[in-house]
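Structure first, commentary second.
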Amino acid sequence: MLATLAGLTAPRLVWFAFLTYASVVVTRLLNGSPAASGAVVAAASLGSAVATTQVGRLTGGHGRARLLVGSIVGSGAGLVGVGVAPSVAVAVGAAALTGAGFGVSLSLYRSEMTRLAPAARRGGLVSVGESVGRVGSTIGPVLAGAFVELGRPVLGDGGAVRGALAAMALVAVALGAASVLVAGRFAAPPGSPAAD
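Encoded structure:
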């Protein structure tokens with residue numbers, strides 16, 4: 018349960034790093050317009066909305082743990098893609114991948130919280146899960162900003178932003194994958210009282 022709680026921060030680390038720096042990438046690094054920046058964010062939102070509708074189908078075909086790790090890796094890869102995009106069109110595609118991975122992983126973590134929580138404590142634990150997940154929403158932009166500041170003296174402004182997005186993706190993927198591995202390692206066997 019604790020591993021799943023910690024994992025809830027991973028999708029939000031990616032999402033809020035994306036929301037914080039997408040417009041910087043588009044307008045400053047790619048010389049795009051504010052409208053182009055809006056298109057990139059809209060692509061991420063659309064990717065999230067569409068992918069979220071397919072979670073049940075995807076889980077049936079790939080298994081929950083594998084899909085969860087894959088969706089976190091996908092969102093991280095999309096974030097890196099936004100950072101290194103050579104054009105707005107590429108950034109739009111990468112943003113859609115970021116959104117899709119975010120939508121799937123967040124939906125899966127939420128359903129895991131509901132599934133794992135004992136019925137008598139389900140409401141309280143789901144609320145705690147949402148609160149813990151918001152930690153990622155809060156520290157994501159702060160951590161990304163710290164990475165930018167660390168990278169700026171060596172990489173310059175543009176390189177520091179690109180490096181920060183890559184670093185955020187790595188942190189989120191490592192956290193998400195570790196939470197899945199730990200949760201799987203310590204999962205209660207099916208049919209045991211802790212699993213009910």
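Numbering (the numbering used here), first residue to last: 18 to 213. Just so it is clear, CB atoms sit at the ideal spot from N, CA and C, and this is done for glycine as well.
Tell me whether SER103 sits in a helix, a strand or coil according to DSSP, three-state version.
As a working note, residue 103 is residue 86 in the sequence shown. Checking the displayed sequence, the identity of residue 103 turns out to be Pro instead of Ser. Residue state, collapsed to three classes: coil.
Is the beta carbon of VAL86 closer than 8 Å to that of PHE35?
Position 18 of the sequence shown, counted from the start, is the residue given in the question as residue 35. Position 69 of the sequence shown, counted from the start, is the residue given in the question as residue 86. No.
Quick test of your reading: ARG29 and GLY157, contact by CB under 8 Å. State the CB separation rounded to the nearest angstrom.
What you label residue 29 is simply residue 12 of the sequence shown in a count that begins at 1. What you label residue 157 is simply residue 140 of the sequence shown in a count that begins at 1. Yes, they are in contact, since the Cβ atoms of ARG29 and GLY157 sit about 6 Å apart, within 8 Å.
As assigned by DSSP and simplified to three states, the class of LEU47
Numbered from 1 along the sequence shown, position 30 holds the residue referred to as residue 47. The answer is coil: DSSP assigns LEU47 none of H, G, I, E or B.
Could you have a look at THR70 and say whether DSSP puts it in helix, strand or coil?
Start at 1 with the first residue of the sequence shown, and residue 70 comes out as number 53. Residue state, collapsed to three classes: coil.
So, is the C-beta of THR70 closer than 8 Å to a C-beta in chain C?
You won't find chain C in this structure, because it holds only one protein chain.
For GLY98, name the three-state secondary structure that DSSP assigns.
For this step, residue 98 is matched to residue 81 along the sequence shown. Three-state result, GLY98: helix.
Do ALA102 and ALA111 count as a contact pair if the criterion is CB distance below 8 Å?
Position 94 of the sequence shown, counted from the first residue, corresponds to residue 111. Position 85 of the sequence shown, counted from the first residue, corresponds to residue 102. Against a cut-off of 8 Å, the Cβ pair of ALA102 and ALA111 comes out as a contact.
How do the region 61-80 and the region 166-183 stand: do at least 3 beta-carbon pairs fall below 8 Å, yes or no?
With a cut-off of 8 Å, the region 166-183 and the region 61-80 do not count as touching, because too few Cβ pairs lie within range.
Extent of the continuous alpha helix (DSSP H) to which LEU30 belongs:
By one-based count along the sequence shown, residue 30 stands at place 13. First-last of the alpha helix (DSSP H) with LEU30: 26-41.
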